[in-house]
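Those protein sequences? They're chains G and H, same order as listed.
Numbers 1 to 209, taken from full-length UniProt numbering, label the letters of the first sequence in order.
Numbers 1 to 458, taken from full-length UniProt numbering, label the letters of the second sequence in order.
This report concerns only the one structure given below.
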Amino acid sequence: AFFWLVSLLLSSLIWFIAVKASDPQDERLQKGLLIFGVMFSVLLQEAFRFLYYKLLRKAIEGLVALSEDGCSPISIQQMAYVAGVGFGLMSGAFSMINLLADALGPGTVGIHGDSQLYFLTSAFMTMVLIFLHTFWGILFFHGCEHRRWWEIAAVVVMHLTVSGLSFCNPLYVGSLVPSYLLMAAAAAWAYLLSGGSAQNLRRFLLCKC
Amino acid sequence: MITFMNNSDSEEEPCNERTSLMSAESPPVPSYQDGLQASEAGEAQAHRKRRAGSSRSPNNITGGEMSGSGVPVRESALENEEEELTLKYGAKHVIMLFVPVTLCMIVVVATIKSVRFYTEKNGQLIYTPFSEDTPSVGQRLLNSVLNTIVMISVIIVMTVFLVLLYKYRCYKFIHGWLILSSLMLLFLFTYIYLGEVLKTYNVAMDYPTLFIVIWNFGAVGMICIHWKGPLQLQQAYLIMISALMALVFIKYLPEWSAWVILGAISIYDLMAVLCPKGPLRMLVETAQERNEPIFPALIYSSAMMWTVGMAKPDTAARGPSQQTWHAAEDGREHLRSPSHAESQMSETRSPVPTRPVTSLEELEEEERGVKLGLGDFIFYSVLVGKAAATASGDWNTTLACFVAILIGLCLTLLLLAVFKKALPALPISITFGLIFYFSTDNLVRPFMDTLASHQLYI
Numbered sequence: 001a002f003f004w005l006v007s008l009l010l011s012s013l014i015w016f017i018a019v020k021a022s023d024p025q026d027e028r029l030q031k032g033l034l035i036f037g038v039m040f041s042v043l044l045q046e047a048f049r050f051l052y053y054k055l056l057r058k059a060i061e062g063l064v065a066l067s068e069d070g071c072s073p074i075s076i077q078q079m080a081y082v083a084g085v086g087f088g089l090m091s092g093a094f095s096m097i098n099l100l101a102d103a104l105g106p107g108t109v110g111i112h113g114d115s116q117l118y119f120l121t122s123a124f125m126t127m128v129l130i131f132l133h134t135f136w137g138i139l140f141f142h143g144c145e146h147r148r149w150w151e152i153a154a155v156v157v158m159h160l161t162v163s164g165l166s167f168c169n170p171l172y173v174g175s176l177v178p179s180y181l182l183m184a185a186a187a188a189w190a191y192l193l194s195g196g197s198a199q200n201l202r203r204f205l206l207c208k209c
Numbered sequence: 001m002i003t004f005m006n007n008s009d010s011e012e013e014p015c016n017e018r019t020s021l022m023s024a025e026s027p028p029v030p031s032y033q034d035g036l037q038a039s040e041a042g043e044a045q046a047h048r049k050r051r052a053g054s055s056r057s058p059n060n061i062t063g064g065e066m067s068g069s070g071v072p073v074r075e076s077a078l079e080n081e082e083e084e085l086t087l088k089y090g091a092k093h094v095i096m097l098f099v100p101v102t103l104c105m106i107v108v109v110a111t112i113k114s115v116r117f118y119t120e121k122n123g124q125l126i127y128t129p130f131s132e133d134t135p136s137v138g139q140r141l142l143n144s145v146l147n148t149i150v151m152i153s154v155i156i157v158m159t160v161f162l163v164l165l166y167k168y169r170c171y172k173f174i175h176g177w178l179i180l181s182s183l184m185l186l187f188l189f190t191y192i193y194l195g196e197v198l199k200t201y202n203v204a205m206d207y208p209t210l211f212i213v214i215w216n217f218g219a220v221g222m223i224c225i226h227w228k229g230p231l232q233l234q235q236a237y238l239i240m241i242s243a244l245m246a247l248v249f250i251k252y253l254p255e256w257s258a259w260v261i262l263g264a265i266s267i268y269d270l271m272a273v274l275c276p277k278g279p280l281r282m283l284v285e286t287a288q289e290r291n292e293p294i295f296p297a298l299i300y301s302s303a304m305m306w307t308v309g310m311a312k313p314d315t316a317a318r319g320p321s322q323q324t325w326h327a328a329e330d331g332r333e334h335l336r337s338p339s340h341a342e343s344q345m346s347e348t349r350s351p352v353p354t355r356p357v358t359s360l361e362e363l364e365e366e367e368r369g370v371k372l373g374l375g376d377f378i379f380y381s382v383l384v385g386k387a388a389a390t391a392s393g394d395w396n397t398t399l400a401c402f403v404a405i406l407i408g409l410c411l412t413l414l415l416l417a418v419f420k421k422a423l424p425a426l427p428i429s430i431t432f433g434l435i436f437y438f439s440t441d442n443l444v445r446p447f448m449d450t451l452a453s454h455q456l457y458i
């Protein structure tokens with residue numbers, strides 16, 4: 001969570017500087033800057049995820065060295081999951097919390113002609129992002145562990161895609177549906193990578209032991 | 001304030017492997033607490049416990065001897081295991097401290113957001129005499145710096161006074177002071193707080209009920225904090241008291257002064273604890289020399305300690321060390337002597353049923369605990385509360401400060417595990433908190449607002 005926050009901070013810094021240095025009246029420029037800001041922020045987030053991976057790797061090595069039986073009390077997969085959840089929660093919290101605070105107060109949604117489903121779609125979008133961050137965490141760490149660069153690239157591309165799709169808002173079909181599909185794909189992929197399989201799933205669902 | 005990793009009441013350094021483990025884990029981390037006294041006392045106490053390497057508790061001589069013998073032999077052999085356990089327990093300690101700090105901050109933020117009283121400006125403390133209502137920016141800055149200087153010098157004077165009192169063994173005076181402070185905090189501030197909360201929610205309450213409620217609350221609090229009580233209740237009381245104190249600070253410190261004071265206090269904390277001539281350090285060393293338990297300064301302890309054998313005489317004697325301060329509230333309170341009711345938390349050494357601990361094995365079962373000074377709680381909460389009160393970015397800023405403080409606490413505890421000595425808990429967290437507050441408020445907020453208005457997601 002902290003790492004995500006730092007990445008957000010840095011990307012905001014860049015965007016802020018860019019905005020201040022540019023002409024505030026030019027709409028297209030502002031929009032362009034915003035897009036640039038978003039993409040840059042996504043890249044920074046992934047960079048920080050990588051840095052976090054490096055840090056955790058060192059920590060695991062330290063734990064292994066100190067432990068009695070040569071294995072660390074917490075595995076890298078668990079750390080990947082936790083890292084993903086941390087990123088997701090932080091990003092979700094930052095996206096939603098002001099919205100929720102405002103939702104408590106008086107007002108009408110979409111009174112100026114905007115979509116009336118604003119809150120609802122924001123909620124769904126945030127949820128899908130949180131899940132995605134969790135899965136991306138697992139995929140990313142797995143890719144780093146096994147040196148499969150294409151996995152890492154896939155995560156980055158997926159992230160960029162989802163952020164880019166959110167530009168379709170308020171055409172929610174364009175942003176929500178693909179995001180959910182991507183999430184399902186990422187979920188399946190992460191599940192398989194973590195050692196799950198169709199059989200495990202079936203056994204679990206049918207409550208066999 | 002000081003943070004201790006206090007494994008038990010008596011962390012005497014040498015000792016059997018257990019104790020060496022304990023000592024490893026329990027370097028006290030002094031964190032500056034406004035009250036000081038408490039922190040110093042607590043720190044000294046914890047330190048003493050740690051260093052003296054005699055018995056676990058001042059009264060338990062047997063334990064001490066036993067421990068003393070084992071030390072040299074075992075220590076070398078068990079260093080590795082020690083470190084590993086240190087890390088493992090370190091993680092547990094971090095969690096044990098996260099929960100109360102989070103709770104305290106939640107209480108403060110919830111109150112700030114809902115009860116308007118604490119964000120209204122109704123005068124200033126006598127410790128910050130310069131007003132900030134000046135027309136020019138330079139003047140305002142100057143006034144806030146002067147306010148800070150006044151405040152810090154008051155704190156320094158109080159600390160030195162406490163150290164002197166302690167040095168010259170004026171224990172009764174200190175105890176009385178602490179008890180007075182905690183009394184005031186538990187009764188008066190609670191009364192005001194309750195009054196404001198009831199006003200906000202427009203709930204009617206009659207005086208007899210109020211009297212009964214506050215009387216019970218205060219009396220149980222005094223007993224829990226100064227004497228014996230269930231550990232969780234004591235922790236809860238300490239958290240509440242820290243929150244009350246933080247709320248008072250948030251209300252009465254003018255804006256810029258508050259930020260400058262936060263910064264200055266972390267620097268002071270750093271110096272007071274680490275410099276050889278720092279008052280806090282001197283207090284600790286004095287307590288160690290005398291092999292005495294430090295006053296249960298406002299220390300929050302997360303572990304229970306099995307009392308060893310007899311009841312500790314010092315248990316009853318602990319009083320919250322509090323620095324008194326003058327508070328001029330809007331006519332409601334007359335000028336009182338300043339008191340930081342940072343209730344001394346003192347490790348209630350006996351929240352747990354006293355077991356006659358006779359063997360070393362039993363001693364080993366003691367839970368290791370971490371101690372954090374109440375002043376730390378208070379200043380963390382002041383930072384987050386101020387962020388909630390004054391930031392226009394509202395919740396994002398508050399959340400960012402919260403995460404920053406927790407990460408700072410984590411790092412501090414890590415350093416504690418590495419250095420194994422008293423460390424100040426304020427500097428890292430407050431620095432992170434301040435950085436994140438200012439940067440989130442000014443940089444992240446416009447970015448997030450723009451994103452939210454276009455419903456973009458990053």
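Using N, Cα and C, we set each Cβ at its ideal position, and we do this for glycine too.
Any idea which residues DSSP pairs residue i with across the strands?
i: I299 (chain H); result: H:G373
Can you say whether residue i is buried or exposed, counting buried as having 16 or more other CB atoms within 10 angstroms of its CB?
i: S359 (chain H); result: At S359 (chain H), the pLDDT of 41 sits below 50, so the modelled position is not reliable; the number obtained from the coordinates is stated separately. Exposed, because fewer than 16 other Cβ atoms sit within 10 Å of the Cβ of S359 (chain H).
i: Q370 (chain H); result: According to the sequence as given, residue 370 (chain H) is Val; it is not Gln. It is buried - the Cβ of V370 (chain H) has at least 16 other Cβ atoms within 10 Å.
i: D269 (chain H); result: buried
i: T108 (chain G); result: exposed
i: I405 (chain H); result: buried
i: A186 (chain G); result: buried
i: W4 (chain G); result: buried
i: L206 (chain G); result: exposed
i: Q124 (chain H); result: buried
i: T134 (chain H); result: exposed
i: I212 (chain H); result: exposed
i: C275 (chain H); result: exposed
i: residue 250 (chain G); result: This structure cannot speak to residue 250 (chain G), because chain G is shown only from 1 to 209.
i: R355 (chain H); result: Because the pLDDT at R355 (chain H) is just 41, under 50, the model does not fix this residue reliably, and the value given afterwards should be weighed accordingly. Result: exposed.
i: V273 (chain H); result: buried
i: S181 (chain H); result: buried
Identify the contact partners of residue i in chain H, using a Cβ-Cβ distance below 9 Å as the criterion.
i: W15 (chain G); result: L443, P446, F447 and T450
i: A103 (chain G); result: Ordered by position in chain H, no residue passes the 9 Å Cβ test against A103 (chain G), which lies about 12 Å from the chain.
i: V38 (chain G); result: L451, L456, Y457 and I458
Name the chain H residues that come within less than 8 Å of residue i, Cβ to Cβ?
i: L99 (chain G); result: A452
i: L34 (chain G); result: T450, L451, H454 and L456
i: V42 (chain G); result: I458
i: S166 (chain G); result: Q455, L456 and Y457
i: L129 (chain G); result: Y457
Note down, in chain order, every chain G residue with its Cβ under 9 Å from the Cβ of residue i.
i: S439 (chain H); result: L9, S12 and L13
Considering only their Cβ atoms, is the gap separating residue j from residue i smaller than 8 Å?
i: W136 (chain G); j: G195 (chain G); result: no
i: F16 (chain G); j: P446 (chain H); result: yes
i: I241 (chain H); j: L426 (chain H); result: no
i: S381 (chain H); j: V108 (chain H); result: yes
i: D262 (chain H); j: L372 (chain H); result: The identity of residue 262 (chain H) in the sequence shown is Leu, whereas the question assumes Asp. Contact flag unset, no.
i: A387 (chain H); j: T397 (chain H); result: yes
i: Y191 (chain H); j: I214 (chain H); result: yes
i: F40 (chain G); j: S11 (chain G); result: yes
i: Y166 (chain H); j: L283 (chain H); result: yes
i: I138 (chain G); j: A190 (chain G); result: yes
i: L409 (chain H); j: L416 (chain H); result: no
i: G174 (chain G); j: F131 (chain G); result: no
i: L141 (chain H); j: L238 (chain H); result: no
i: T260 (chain H); j: T128 (chain H); result: Checking the displayed sequence, the identity of residue 260 (chain H) turns out to be Val instead of Thr. For V260 (chain H) and T128 (chain H), no; Cβs fall outside 8 Å.
i: T126 (chain G); j: G105 (chain G); result: no
Residues of chain H with CB closer than 7 Å to the CB of residue i, please, in chain order.
i: F2 (chain G); result: V403 and I407
i: R122 (chain G); result: It is Ser, not Arg, that sits at residue 122 (chain G) in the sequence shown. In chain order: Q455.
Cα separation between residue i and residue j?
i: L160 (chain G); j: L192 (chain G); result: 23 Å
i: G37 (chain G); j: I14 (chain G); result: 8 Å
i: A1 (chain G); j: F140 (chain G); result: 16 Å
i: S23 (chain H); j: N216 (chain H); result: Bear in mind that a pLDDT of 30 at S23 (chain H), under 50, signals an unreliable position, so the model cannot answer this.
i: L165 (chain G); j: I458 (chain H); result: 10 Å
i: F167 (chain G); j: G110 (chain G); result: 18 Å
i: Y53 (chain G); j: S115 (chain G); result: 39 Å
Residues of the stretch 381–411 of chain H with a CB closer than 7 Å to any CB of chain C: list them in chain order, please.
Absence of chain C from the displayed structure is noted, the protein chains being G and H.
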